[in-house]
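Those protein sequence lines, which keep their order, are chains A and B.
Under the numbering used here, the letters of the first sequence match residues 10 to 291, in that order.
Under the numbering used here, the letters of the second sequence match residues 13 to 320, in that order.
Have a look at the structure below before the remarks.
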Amino acid sequence: MKRQTGHWIYAGVVNFVIIVVGVGMLYPVAWLIAASLKETNTIFGDPGLIPKAFTTQNYVKGWGGIGIVGFGAFFKNSFLISSLCVIANVIFCSLTAYAFARLRFKLRRFWFTIMMLTLMLPGHVTIIPRYVIFRSLGWIDTLLPLVVPKLFATDAFFVFLLVQFIRGLPKDLDESAVMDGCGKSGIYVRIIMPLAVPALITTMLFTFLWTWDDFFNQLLYLNSPAKYTVPMGLRLFLDSTGISSWGPMFAMSVLSLVPCFILFFALQRYFVQGIATTGIKG
Amino acid sequence: MNSRTLKRILGDNLSSYAFLAPWLLGFFFLTLYPMIYSLYLSFTKFNILQPPQWIGLKNFVVMFTGNAQSPRDERFLNSLFVTLRFVFISVPLKLVFALAVAMLMNQRLRLIPFYRTLYYIPTLLGGSVAIAVLWRRLFAGDGVINAILRAAFHANPPAWISNPQYALYTLIILAVWQFGSPMIIFLAGLKQIPQEYYEASRVDGAGAVRQFISITLPGLSPIIFFNFVMQMISSFQSFTQAYIISGGSGGPLDSTMFYSLYLYLKGFGFYEMGYASAMAWILLVIIGVLTALIFRVSGSLVTYGTGE
Numbered sequence: 010m011k012r013q014t015g016h017w018i019y020a021g022v023v024n025f026v027i028i029v030v031g032v033g034m035l036y037p038v039a040w041l042i043a044a045s046l047k048e049t050n051t052i053f054g055d056p057g058l059i060p061k062a063f064t065t066q067n068y069v070k071g072w073g074g075i076g077i078v079g080f081g082a083f084f085k086n087s088f089l090i091s092s093l094c095v096i097a098n099v100i101f102c103s104l105t106a107y108a109f110a111r112l113r114f115k116l117r118r119f120w121f122t123i124m125m126l127t128l129m130l131p132g133h134v135t136i137i138p139r140y141v142i143f144r145s146l147g148w149i150d151t152l153l154p155l156v157v158p159k160l161f162a163t164d165a166f167f168v169f170l171l172v173q174f175i176r177g178l179p180k181d182l183d184e185s186a187v188m189d190g191c192g193k194s195g196i197y198v199r200i201i202m203p204l205a206v207p208a209l210i211t212t213m214l215f216t217f218l219w220t221w222d223d224f225f226n227q228l229l230y231l232n233s234p235a236k237y238t239v240p241m242g243l244r245l246f247l248d249s250t251g252i253s254s255w256g257p258m259f260a261m262s263v264l265s266l267v268p269c270f271i272l273f274f275a276l277q278r279y280f281v282q283g284i285a286t287t288g289i290k291g
Numbered sequence: 013m014n015s016r017t018l019k020r021i022l023g024d025n026l027s028s029y030a031f032l033a034p035w036l037l038g039f040f041f042l043t044l045y046p047m048i049y050s051l052y053l054s055f056t057k058f059n060i061l062q063p064p065q066w067i068g069l070k071n072f073v074v075m076f077t078g079n080a081q082s083p084r085d086e087r088f089l090n091s092l093f094v095t096l097r098f099v100f101i102s103v104p105l106k107l108v109f110a111l112a113v114a115m116l117m118n119q120r121l122r123l124i125p126f127y128r129t130l131y132y133i134p135t136l137l138g139g140s141v142a143i144a145v146l147w148r149r150l151f152a153g154d155g156v157i158n159a160i161l162r163a164a165f166h167a168n169p170p171a172w173i174s175n176p177q178y179a180l181y182t183l184i185i186l187a188v189w190q191f192g193s194p195m196i197i198f199l200a201g202l203k204q205i206p207q208e209y210y211e212a213s214r215v216d217g218a219g220a221v222r223q224f225i226s227i228t229l230p231g232l233s234p235i236i237f238f239n240f241v242m243q244m245i246s247s248f249q250s251f252t253q254a255y256i257i258s259g260g261s262g263g264p265l266d267s268t269m270f271y272s273l274y275l276y277l278k279g280f281g282f283y284e285m286g287y288a289s290a291m292a293w294i295l296l297v298i299i300g301v302l303t304a305l306i307f308r309v310s311g312s313l314v315t316y317g318t319g320e
């Protein structure tokens with residue numbers, strides 16, 4: 010009996026500590042949301058989470074954007090680029106992963122090692138030549154440099170994730186499909202893809218989030234405000250407006266995080282799986 | 013082997029390679045060729061408008077030693093040291109936090125899925141421009157952090173973001189704040205350590221500290237090592253947060269001039285693309301050498317398997 014109470018106290022203390030630390034960690038995010046609902050001149054130096062004067066004006070003003078380009082355009086551009094990248098990654102990373110995980114061909118191990126090495130390769134060594142190539146193709150200030158590389162399964166991370174997953178699938182299904190006269194593409198389309206759905210969802214999730222948040226490439230390749238994405242729009246806001254518009258700035262910052270939140274809460278378990286099975290990045 | 017089987021094997025290989033074709037093309041044209049081209053560019057002066065002009069080792073000389081004609085680029089070494097400081101302070105701290113929280117959670121608690129979600133949120137959002145903007149405000153002289161410090165301690169805190177002594181630490185805090193993924197990995201790893209080990213050691217009279225040192229750490233060592241290497245590689249490439257928080261300048265006084273940021277400014281601000289390519293290759297070598305070194309050292313520290 011005594012031990013039981015001891016256990017309860019201990020569990021209570023642990024839960025309490027976890028919650029207090031967790032709430033502390035989330036305070037900045039909560040403050041951001043609160044600040045987006047405060048009037049600009051009451052934001053600073055106010056650590057409180059409840060707006061003294063509640064307003065939604067910041068969202069209205071922010072959505073109007075800067076000059077002629079509204080934030081709606083930035084969101085549209087971001088959604089377009091992110092969706093195209095998601096589609097390309099799902100198709101081409103899974104094709105590559107299927108080849109590595111299931112097919113037999115000469116030099117397979119060699120290419121697999123190369124693929125794993127590109128996973129560790131810092132992107133910097135390819136930035137400038139890629140820029141030169143895309144520039145000579147006339148692709149600067151279009152979304153092509155951001156999307157086209159995904160058609161070539163350049164995100165080794167997802168290839169690796171999918172290879173790991175496909176290797177874990179039972180082989181007897183493939184074999185019976187071969188008996189039924191299925192070719193390699195038949196097995197890929199009818200057997201592997203449907204079974205790999207959990208890993209494909211993880212791929213889609215992280216592709217979307219990383220493209221959505223990718224600032225560096227968008228900064229390199231997008232020049233005109235009409236083509237800007239959400240992160241670029243936020244930067245433009247930051248650079249071109251004074252202290253007067255922190256309210257709208259925060260409002261748009263909150264909006265820019267909404268898609269991430271929705272995806273995260275809707276598809277939580279795929280997050281955990283993706284992180285725990287590959288253990289890379291995030 | 014007759015010609016029919018040969019044909020079949022050839023055909024088999026060919027159709028397999030068809031599946032690999034997109035990746036292979038990408039590897040040759042978007043990775044290998046650019047790598048070789050940037051290696052070539054690192055020995056040239058190149059501003060993208062005129063063709064590259066061979067200058068031998070000059071870019072590297074300017075980075076590290078300098079000579080009579082061309083003085084050393086002090087900003088380069090500074091950016092390297094800023095980045096090294098950032099990496100080797102933030103990564104260990106991040107892993108310590110991740111492990112501490114993971115151990116706290118590694119009990120029979122009903123709310124674990126909820127806690128895991130809660131603690132992953134900073135990692136989910138931390139890489140965005142929005143959070144960088146927020147950080148810039150939080151740690152400003154008249155920001156919320158200082159308002160809290162003033163109220164709680166009646167202190168007179170500095171303007172963290174615009175003080176060259178502290179600016180880098182705001183970025184380190186931001187990096188450590190995002191300890192969610194190593195935490196989830198550690199949590200998964202802790203579950204793999206057989207509970208009997210702890211029970212047996214308790215019978216032998218081992219305390220919590222002793223158990224941590226002789227069971228938990230060795231059991232997790234491959235995961236800790238792996239996390240360390242991956243976090244190190246990605247921290248070396250940090251860009252967005254420093255760019256936004258310093259307004260693209262790496263300031264104040266170059267105190268947040270990350271390597272990637274300086275490379276970007278050189279290549280795309282000053283159009284010294286030969287120099288930027290040389291920087292990229294130096295980064296590759298540094299990361300390669302550090303990773304090899306860690307692999308070496310870890311050989312004696314990491315235990316694989318449980319010896320069963």
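Every residue, glycine too, gets a C-beta built ideally from N, C-alpha and C.
Please read these numbers as outputs of a predicted model, since none were measured by experiment.
Own chain partners of residue i with C-beta closer than 7 Å, once the 5 adjacent residues on each side are dropped
i      : result
A/W219 : none
B/P170 : Y178
B/I160 : none
A/Y140 : L229
B/P134 : W189, Q190, G192
B/I173 : R148, F151, A152, A179, T182, I257
B/F109 : V188, F191
A/T107 : In the sequence as displayed, the identity of residue 107 of chain A is Tyr instead of Thr. Excluding residues within five positions, the ones whose Cβ falls inside 7 Å are I175, Y197, I201.
Test: residue i CB closer than 8 Å to a CB of chain B
i      : result
A/N226 : no
A/L276 : no
A/T7   : With chain A covering only 10 through 291, there is no way to say anything about residue 7 of chain A.
A/I284 : yes
A/T127 : yes
A/I90  : no
A/I123 : yes
A/L35  : yes
Same chain, Cβ closer than 6 Å to residue i, neighbours up to 5 away in sequence not counted
i      : result
B/I101 : I184
A/E184 : none
B/Q249 : S272
B/A288 : L275, K278, G279
For residue i, the first and last residue of its enclosing alpha helix (DSSP H)
i      : result
A/V124 : Reading the sequence as shown, one finds Met at residue 124 of chain A and not Val. Taken as a continuous stretch (DSSP letters only), the alpha helix (DSSP H) holding A/M124 covers 117-129.
B/Q204 : 192-204
B/W189 : 179-189
B/I143 : 141-150
B/S213 : 207-215
B/A33  : 15-38
A/P207 : 206-222
A/Q173 : 165-176
B/H166 : Looking at the DSSP string, B/H166 is not in any alpha helix (DSSP H), and its letter there is neither H nor E.
B/M47  : 45-53
B/L137 : 124-137
B/T95  : 86-117
Cut-off 8 Å between Cβ atoms - residues of its own chain near residue i, not counting five sequence neighbours on either side
i      : result
B/Y274 : R87, F88, S91, G262, M291
A/S262 : L41, S45, L243
B/L36  : Y29
A/L272 : L214, F217, L218
A/N232 : I149, D150
B/S267 : V94, P176, Q177, A179, L180
B/F251 : F270, S272, L273, Y276
Closer than 8 Å to chain A by CB, residue i
i      : result
B/S310 : no
B/L116 : yes
B/K19  : no
B/P63  : no
B/R128 : yes
B/Y131 : yes
Chain C residues whose Cβ lies nearer than 9 Å to that of residue i
i      : result
B/L123 : Considering every chain present, this structure includes no chain C. Its protein chains are A and B.
Interface positions of the region 256-281 of chain B facing chain A (Cβ-Cβ less than 9 Å), listed along the chain:
I256, G259, G260, Y271, S272, L275, Y276, G279, F280
Closer than 9 Å, Cβ to Cβ, to anything on chain B: give me those residues from the region 257-268 of chain A, in chain order.
M258, F259, M261, S262, V263, L264, S265, L266
Counting Cβ pairs, one atom from each stretch, are 3 or more of them under 8 Å apart for the region 108-115 of chain B and the region 193-211 of chain B?
yes
Quick one, which residues of the region 236-252 of chain B are near chain A if we go by CB-CB under 8 Å, in chain order?
Against chain A - using a Cβ distance shorter than 8 Å - the residues of the region 236-252 of chain B are F238, N239, M242, I245, S246, F248, Q249, F251, T252.
Does the region 168-176 of chain A touch the region 121-129 of chain A, meaning 3 or more C-beta pairs lie closer than 8 Å?
yes
Near-chain A residues of the region 26-44 of chain B - C-beta to any C-beta below 8 Å:
Residues passing the 8 Å Cβ filter: S27, S28, Y29, F31, L32, P34, W35, L36, L37, G38, F39, F41, L42, T43.
Using 8 Å as the Cβ pair cut-off and three pairs as the minimum, do the region 56-66 of chain B and the region 237-245 of chain B touch?
no
Contacting positions in the region 54-72 of chain A - beta carbon closer than 8 Å to chain B
Closer than 8 Å at the C-beta level to chain B, one finds these residues of the region 54-72 of chain A: G54, D55, P56.
Do the region 60-80 of chain A and the region 180-194 of chain A make contact, defined as three or more Cβ pairs closer than 8 Å?
no
Note down, in chain order, all residues in the region 226-241 of chain A with a beta-carbon under 7 Å from any beta-carbon belonging to chain B.
L229, P240
Say whether the region 32-47 of chain B touches the region 156-168 of chain A, bearing in mind that this needs 3 or more beta-carbon pairs closer than 8 Å, one atom from each stretch.
yes
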